[in-house]
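Colleague:
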Amino acid sequence: MGPDVRDIKVSTCPGCGACLPEIAGPTHSYMTSSAACFEAFTDVLAFEYSDSALLPTHRLTVDTFAVQHGGGGETRRQVQSTGLHLARLYLQLGRNLTPQDSNNVMLGLGQHKASLIYLAPPQSYTMTVSDVRPFAGGPQHATKVREWAKATWADWQDHHAYIQDWTERHLR
0 MGPDVRDIKV STCPGCGACL PEIAGPTHSY MTSSAACFEA FTDVLAFEYS
50 DSALLPTHRL TVDTFAVQHG GGGETRRQVQ STGLHLARLY LQLGRNLTPQ
100 DSNNVMLGLG QHKASLIYLA PPQSYTMTVS DVRPFAGGPQ HATKVREWAK
150 ATWADWQDHH AYIQDWTERH LR
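Each residue of the sequence shown is one higher than the one before, starting from 0 at the first, in numbering that gives the first Met the number 0.
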């Protein structure tokens, strides 16, 4: 017989708000997440790395997780990470660039990252990696990642004008 459900502790991710069973484990070095949320993210990544058909989805996964776990802007690294990942979401979802093309553009945008400002995250997120994880590696993997990315981009709507303007100004 398994553990009693009442004995399972739940943790709320400080980044995205996902409620997952509490675990001890690593987190990202500068992104703000619970160990359980970071584990869910790395589980999704593992499927993307092991199946070449899922590789085009990989950048959406990374960008979406990054902007949901950007922290409170305590460091330049957090500010720049959030801004650059939002810019790549804009390029892929707003301008319909391919993952490779958006990555190529990001190389140039990275030269201007010092000009990015702190953007306060949304109060909550419509979807989190916990909504994608059950589909990881399956036939709906890419569809669910894209839904998560679109929902997250929409959640950041208060900052769309800034990200679009910053990106367009610095395009090479």
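Note that CB positions come from ideal geometry on N, CA and C, so glycine has one too.
Owing to the predicted nature of the structure, the values given are computational and were not obtained by experimental measurement.
#1: Pick helix, strand or coil for C36, following the three-state DSSP scheme.
#2: If V131 sits next to K143, beta carbons under 8 Å apart, how far is it from one beta carbon to the other, in whole angstroms?
#3: Per DSSP, which residues does S10 bridge with? Please list them.
#4: Does DSSP put H68 in a helix, in a strand, or in coil?
#5: Please classify Y48: is it buried, with 16 or more other beta-carbons within 10 angstroms of its beta-carbon, or exposed?
#6: Please state the DSSP three-state secondary structure of R94.
#7: What is the DSSP secondary structure of A135, counted as helix, strand or coil?
#8: Could you tell me the distance, in whole angstroms, from the CA atom of R58 to the CA atom of P98?
#9: How big is the Cα-Cα spacing for H27 and R168?
#10: For T125, which of A17, S32 and A45 has the nearest alpha-carbon?
#11: Counting Cβ pairs closer than 8 Å, one from the region 154-168 and one from the region 108-127, do we hit at least three?
#12: Out of curiosity, what's the CA-to-CA distance linking G71 and D100?
Modeller: Based on what the coordinates show:
#1: helix
#2: 5 Å
#3: L19
#4: Coil.
#5: exposed
#6: DSSP places R94 in coil when its eight states are reduced to three.
#7: coil
#8: Rounded to the nearest whole angstrom, the CA to CA distance from R58 to P98 is 7 Å.
#9: 31 Å
#10: A17
#11: yes
#12: 30 Å
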